[in-house]
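Residue numbers (my numbering): 709 to 951.
The C-beta atom is built at its ideal place from N, Cα and C for all residues, glycine as well.
Every value quoted in this text rests on a predicted model; they were computed, and no experiment measured them.
Quick notes on the structure that follows.
Here it is as structure tokens:
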């Protein structure tokens, strides 16, 4: 948007307004809409004597919003604090950190707080940063609940398309809640026949909301390389899950 005329924004009027809010907040001034609808967005500085304005409209075919006229010279400073309170909701802030979450899914609230402060001058509390990260993760990677719902389809797809594989999905008989899943692909089973007849069992903790443990069975091939044989997702490393 900083380049002015000819800049195109995907997503229609909604996405264009979000980009406009990000842009003016980064520069540190407040604006108001002179016209604001699905086809045209005309924004001017909140200070009456300021020459700053920007006009954009929707393209008929692509539906992209294109800046067709603007004056980006700005010399005054509006009430930025008021702008932040009035324009920055959870959704807008979520859009600001979406790229950071996509690049680093394990990002923590303190890092988001620091990013928003340094880049946009925004101050948010810890619990809001946590909610924003969770929302962004759900949009990018899907929710934990949806992921577990897909497990049955995933196991059936393996058995249907990868014949000879061993898959075992177990649920609690009363609650139908997930308990454990075991998976050994056919290629891994066949490959183990040509490895040393010894399995190494290891585990690692899962750090998502559902927690749990991932177990892995690994062998050694003729070149002393590690060969994956099977893996399982369980609640914890205990006798019942290991057998």
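Residues sharing a beta bridge with residue 716, DSSP: Against the chain shown, residue 716 aligns to sequence position 8. In DSSP, residue 716 forms a bridge with 774.
Once DSSP output is grouped into helix, strand and coil, what is the label at residue 879? In the chain shown, counting from the first residue as 1, residue 879 sits at position 171. Strand at residue 879.
Report the CB separation of residue 921 from residue 911 in whole angstroms; it is logged as a contact under 8 Å. Translated into the one-based positions of the chain shown, residue 921 becomes position 213. Translated into the one-based positions of the chain shown, residue 911 becomes position 203. Contact flag correct, Cβ pair sits at about 5 Å.
Using a 10 Å radius around the Cβ and a threshold of 16 neighbouring Cβ atoms, would you call residue 768 buried or exposed? Here residue 768 is taken as the residue at index 60 of the chain shown, counted from 1. Residue 768 comes out exposed.
Please name the residue in 885, 779, 821 and 722 whose C-alpha comes closest to that of residue 838. The sequence position of residue 838 within the chain shown is 130, counting from 1. The shortest Cα separation from residue 838 among 885, 779, 821 and 722 belongs to 821.
Tell me which residues share the same chain as residue 879 and place their Cβ nearer than 7 Å to its Cβ, disregarding the 5 neighbours each side in the sequence. For the purposes of this step, residue 879 is taken as residue 171 along the chain shown, with counting starting at 1. For residue 879, where only same-chain residues beyond five positions count, the Cβ hits under 7 Å are 885, 886 and 887.
For residue 781 and residue 799, the rounded distance between their alpha carbons: Against the chain shown, residue 799 aligns to sequence position 91. Against the chain shown, residue 781 aligns to sequence position 73. The straight-line gap from Cα to Cα measures roughly 29 Å.
How long is the line joining the alpha carbons of residue 853 and residue 742, rounded to whole angstroms? Here residue 853 refers to the residue found at position 145 of the chain shown. Here residue 742 refers to the residue found at position 34 of the chain shown. C-alpha separation (whole angstroms): 44 Å.
DSSP puts residue 748 in a beta bridge; with which residues? Start at 1 with the first residue of the chain shown, and residue 748 comes out as number 40. Answer by DSSP bridge pairing, in chain order: 765.
Applying the 10 Å Cβ sphere with the 16-neighbour rule, what's the burial state of residue 904? Here residue 904 refers to the residue found at position 196 when the chain shown is read from its first residue. With fewer than 16 Cβ atoms within 10 Å of its Cβ, residue 904 is classed as exposed.
Using alpha carbons as the reference points, say which of 932, 947 and 923 lies closest to residue 941. Locating residue 941 in the chain shown gives position 233, where the first residue counts as 1. Nearest C-alpha to residue 941: 923.
Can you have a look at residue 908 and say buried or exposed, based on whether 16 or more other CB atoms are within 10 angstroms of its CB? Residue mapping note: residue 908 aligns to position 200 of the chain shown, counting from 1. With fewer than 16 Cβ atoms within 10 Å of its Cβ, residue 908 is classed as exposed.
Span separating the alpha-carbon of residue 815 from that of residue 917: Counting from 1 along the chain shown, the entry for residue 815 is found at position 107. Counting from 1 along the chain shown, the entry for residue 917 is found at position 209. For the pair residue 815 and residue 917, the Cα-to-Cα distance works out to about 14 Å.
At which residues does the beta strand (DSSP E) containing residue 936 begin and terminate? Working through the chain shown from its first residue, we reach residue 936 at position 228. Element bounds for residue 936: 934-942.
Taking Cβ to Cβ, would you say residue 892 is nearer than 7 Å to residue 874? Here residue 892 refers to the residue found at position 184 of the chain shown. Here residue 874 refers to the residue found at position 166 of the chain shown. Yes. Within cutoff.
Can you name the residues that DSSP bridges to residue 866? Along the chain shown, read from residue 1 onward, the residue named residue 866 stands at position 158. Answer is none; residue 866 lacks a bridge partner.
Would a C-beta distance cut-off of 7 Å place residue 750 and residue 763 closer than the cut-off? Walking along the chain shown from the start, residue 750 turns up at place 42. Walking along the chain shown from the start, residue 763 turns up at place 55. Closer than 7 Å, so yes.
Straight-line CA distance for residue 713 to residue 937? Locating residue 713 in the chain shown gives position 5, counting from the first residue. Locating residue 937 in the chain shown gives position 229, counting from the first residue. Rounded to the nearest angstrom, the two C-alpha atoms are 58 Å apart.
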